[in-house]
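What follows is a short report on a single structure.
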Amino acid sequence: MIRNGSIIQPRFHVHRSTECVNCRKCIAECSFGVHSWDEKNKRMKADSSKCVDCQRCVVYCPVDALSITRNENIMHPNHAWCEDSLNEIYRQAETGGVLLSSMGAPDRKVPSYFPRILLNASQVTNPSIDPLREPMETTTFIGRRPESIERDLNGKLIDNLPPHLELKEPIMFAAMSYGAVSLNVHKALAMASEALGTYWNTGEGGLHEDLYKYGKNTIVQVASGRFGVHPDYLSAGAAVEIKIGQGAKPGIGGHLTGAKIHGDIAKTRMVPEGIDAISPAPHHDIYSIEDLRQLVSMIKEATNYTKPVIVKVAAVHNIAPIASGIARSGADIIEIDGFRGGTGAAPVRIRDNVGIPIELALAAVDQRLRDEHIRSQISIIASGSIRNSADAAKAIALGADAVSIGTAALCALGCHLCASCQTGKCAWGIATQEGDLMKRLDPEKGAERLYNLVHAWKREIEEIMGGMGINSIEALRGNRLALRGVGLTQKELDVLGIKHAGE
Amino acid sequence: MEIINAKGMDQGDLCALIKKERHLDIEIRNCCGQRYIGCGMKKTRINIIGTPGNALGAFLDGASITVDGNAEDAVGDTMNCGSIFIDGSVGDAAGYAMRGGKIFVHGNAGYRAGVNMKAYKDKSPLLVIGGKAGSFLGEYLAGGTIIVLGLHNPKNTPLTGYFCGNGMYNGKIYLRTTERPIGLSKHLLMNKVGEEEKETILRPVIMEFAAAFKEDPEKILKADFIAVEPDPENRYRELYAAI
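Chains as they are written, first to last, in the working numbering: chain A, 894 to 1396; chain B, 16 to 258.
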């Protein structure tokens, strides 16, 4: 049917079985207004056109009466003009707008390489290790390494080690800003990081005053808008990250609308309430590697050389020389965010068409830095669709020192990837600033779930390493002999720097 | 007052020396290109004789800096509060993303001056340029005030370059001219500044500028000013359609 003059048909269909007891729990749970009570016919009804398939009502239905499917209606089959592309055309014809969505690129046509890479294990020679019974080292130090050791006149070592981050496991939480996610998400991430001995990242929206106490497990971010950035903020965390780009929207800035900027968000970002907060696409004080070096040095100067500086970039075509430039800019750590990295809002065309997969970018960067003999001086963090511990182990074997997880962390907090963050109506209390919705996420329970997830991954990484006969994460890093590809072309194998299975 | 002779001194050594200095009043002599002077500092008063290098007073957090000479790029980058007076010209990206405090430049400013300045509560940054400004002045301006006076301009060339105020959505740019900036965006309004606004907003700033750089305030105030600000009727409209 035509709804509000639109010919676009609902993407999903909400089904209600006869088990329904009219308890109306679904009305309370749905923040998109799908469910309602039909007084005339004395029954529950659903407006499927409003459904985003966030699964909140399904999970919270006390009698399992609800299910959501794709709309069974079939548009005329045509591979070139599939249903999604037609609906996008209808949407733009009706609104004239740039298509906006969130979370990482969902498109299947761009391959995901992690599932096509297999890990090795020891048989007969180099015995495998049982991590439950034998020591297994997953502690990772990231930061800049000195070019050489120095000794004083008496031959004693001079401590010339620049500041480092110590991670109990090679997994950290990716940058998600306060404003894009709720304060409870930040609280959960901060508490979990403290318990895990790892780090969370403020994103570009500043650090809420209640969370300064988690400073030693916090990475503070400086993006082009410089929201909430002042000397005390820079000194509040364990490291400072300069965000140049993110995998979901390389080359694109940010725009938090005035409607979302109120109360503590305005205070934390240090911007007036109700006024848009725009992060320009570039940092207008960085137009070159030399300018980047200047910002890195400014931050180090402002923090008295006590904090490592991370530079985060999106994985794009020339990522290897870009990373080489960053390594020479004085930055201590490079973070590369791949094609499938998540976001709270991004233009669809950018999200789905710009950038390259993290696996290829990471392998290319690691190889380039090795070729230039600077790999050992700088650390690499990889992110952008690290979905499980095997992805993390493969990323480390491809050359990362550590990985950071954003989407996986949000899923641990209840996210069901409905890609509606930009609406601000997140039914799981994650990507919202509405009071009642925010309360749905208990930060303490959230922290526990995050702890469980990362702790489980750590145990799995230990199992993976043990199986290979490796007892230290350092022996896995850049160990591409531990990897084999399946079903990949020779070119792909060459870029990844791995052999084909059976070779 | 403590005097530091920066002749031949390495940038890192100079900054370390300034930070170690207990004195709250420092004069740096023979300054020649050393970067990051005063970066993030809260209290100190620094007087510089010579030419400081890039990122002078970046992240400045309350300190005051005066320069007897020119300064280079990124003066007062992301500064929070404090003041910087430069009795000369500055390079590119002066006052980028500054949130509070004031920068007074006696001479000209290069490209990208005052880009992405923003205001917050009692903080409202002020950038005054005595001469002319290059292209991209006040782009993405999100708050605060930029004033360009166009002094020492015998050939009477335009005060600003291309893209003045492009993308600005808050704050105000005052120009001491009656001419429309080159290619002013249709999202911006340009109005002549009335006497009352001139007296209340501009006069105190001009008095401070004139006192600092020994100019005649009345001569500056005698000329007409225009103000550039976002057009409330022509904001950047909703661009997006959610899928």
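Even for Gly, the Cβ is constructed at its ideal location relative to N, Cα and C.
Below-9 Å beta-carbon distance, residue i vs any chain A residue
i, result
"K187 (chain B)", "no"
"Y177 (chain B)", "no"
"G25 (chain B)", "The identity of residue 25 (chain B) in the sequence shown is Asp, whereas the question assumes Gly. For D25 (chain B), the answer is no, since every Cβ of chain A falls outside 9 Å of its Cβ."
"C30 (chain B)", "yes"
"C46 (chain B)", "no"
"R218 (chain B)", "no"
"A70 (chain B)", "yes"
"F151 (chain B)", "yes"
"G55 (chain B)", "yes"
"K147 (chain B)", "no"
"A108 (chain B)", "yes"
"N95 (chain B)", "yes"
Cα-Cα separation between residue i and residue j, rounded to whole angstroms
i, j, result
"F1066 (chain A)", "A1312 (chain A)", "19 Å"
"G84 (chain B)", "G48 (chain B)", "12 Å"
"A939 (chain A)", "A998 (chain A)", "29 Å"
"F1007 (chain A)", "I99 (chain B)", "53 Å"
"V927 (chain A)", "P955 (chain A)", "17 Å"
"N1211 (chain A)", "S1181 (chain A)", "15 Å"
"E211 (chain B)", "T193 (chain B)", "17 Å"
"E965 (chain A)", "V945 (chain A)", "15 Å"
"I64 (chain B)", "E42 (chain B)", "8 Å"
"V1347 (chain A)", "I1064 (chain A)", "7 Å"
"L33 (chain B)", "K133 (chain B)", "The question names Leu, but residue 33 (chain B) is Ile in the sequence shown. In a straight line, the C-alpha of I33 (chain B) is about 29 Å away from that of K133 (chain B)."
"G1156 (chain A)", "G1328 (chain A)", "12 Å"
"G898 (chain A)", "E981 (chain A)", "16 Å"
"S1276 (chain A)", "I1251 (chain A)", "7 Å"
"A1062 (chain A)", "S79 (chain B)", "The sequence shown places Glu at residue 1062 (chain A), not Ala. Near 44 Å, if we compare the C-alpha coordinates of S79 (chain B) and E1062 (chain A)."
"H1057 (chain A)", "S1272 (chain A)", "10 Å"
DSSP-derived helix/strand/coil call for residue i
i, result
"C1311 (chain A)", "coil"
"C954 (chain A)", "coil"
"H1148 (chain A)", "strand"
"L75 (chain B)", "coil"
"L203 (chain B)", "strand"
"E210 (chain B)", "helix"
"K1384 (chain A)", "helix"
"L1376 (chain A)", "strand"
"P1055 (chain A)", "coil"
"N897 (chain A)", "coil"
"E1267 (chain A)", "Reading off the sequence, residue 1267 (chain A) comes out as Ile, not Glu. Residue state, collapsed to three classes: coil."
"V1296 (chain A)", "strand"
"Y1198 (chain A)", "coil"
"E1355 (chain A)", "helix"
"D940 (chain A)", "coil"
"Y255 (chain B)", "strand"
"D931 (chain A)", "strand"
"K117 (chain B)", "strand"
"T215 (chain B)", "helix"
Cβ neighbour criterion (16 or more within 10 Å) applied to residue i
i, result
"P1266 (chain A)", "Here residue 1266 (chain A) is His; the residue named in the question, Pro, does not match the sequence. Exposed: under 16 other Cβ atoms inside 10 Å."
"I1051 (chain A)", "exposed"
"I144 (chain B)", "buried"
"W1321 (chain A)", "buried"
"M1163 (chain A)", "buried"
"V1115 (chain A)", "buried"
"T1032 (chain A)", "exposed"
"Y983 (chain A)", "exposed"
"N1077 (chain A)", "buried"
"C1314 (chain A)", "buried"
"W1093 (chain A)", "buried"
"P247 (chain B)", "exposed"
Within-9 Å CB hit, residue i to chain B
i, result
"N1077 (chain A)", "no"
"Q1326 (chain A)", "no"
"E1409 (chain A)", "Nothing can be reported for residue 1409 (chain A), as the shown portion of chain A is limited to 894 through 1396."
"V1164 (chain A)", "yes"
"R1201 (chain A)", "One detail in the question is off: residue 1201 (chain A) reads as Pro in this sequence, not Arg. Taking Cβ atoms only, chain B never reaches closer than 9 Å to P1201 (chain A), which makes this a no."
"E1194 (chain A)", "yes"
Cβ of residue i within 9 Å of any chain E Cβ
i, result
"N131 (chain B)", "Note that chain E does not occur in the displayed structure, where the protein chains are A and B."
TODO: Within the stretch 1118 to 1181 of chain A, note down every full beta strand (DSSP E) run reaching 3 residues or more, in order along the chain.
DONE: 1132 to 1136, 1147 to 1149, 1170 to 1172
- [ ] Could I get the ranges of all uninterrupted beta strand (DSSP E) runs contained in the stretch 125 to 191 of chain B, with 3 residues as the minimum, in chain order?
- [x] 141 to 144, 157 to 163, 185 to 190
Task: Whole beta strand (DSSP E) elements within the stretch 967 to 1050 of chain A, 3-residue minimum - done: 991 to 994, 1010 to 1012, 1033 to 1036
- [ ] Can you check the stretch 55 to 108 of chain B for any beta strand (DSSP E) of at least 3 residues that lies completely inside it and give the ranges in chain order?
- [x] 60 to 66, 76 to 83, 96 to 101
TODO: Output the residue ranges of the alpha helix (DSSP H) runs that lie fully inside the stretch 1312 to 1338 of chain A and measure 4 residues or longer, sorted by chain position.
DONE: 1328 to 1331
Open item on the list: Runs of 3 residues minimum, wholly inside the stretch 1050 to 1108 of chain A: which ones carry the beta strand (DSSP E) assignment?
Closed with: 1057 to 1060, 1064 to 1066
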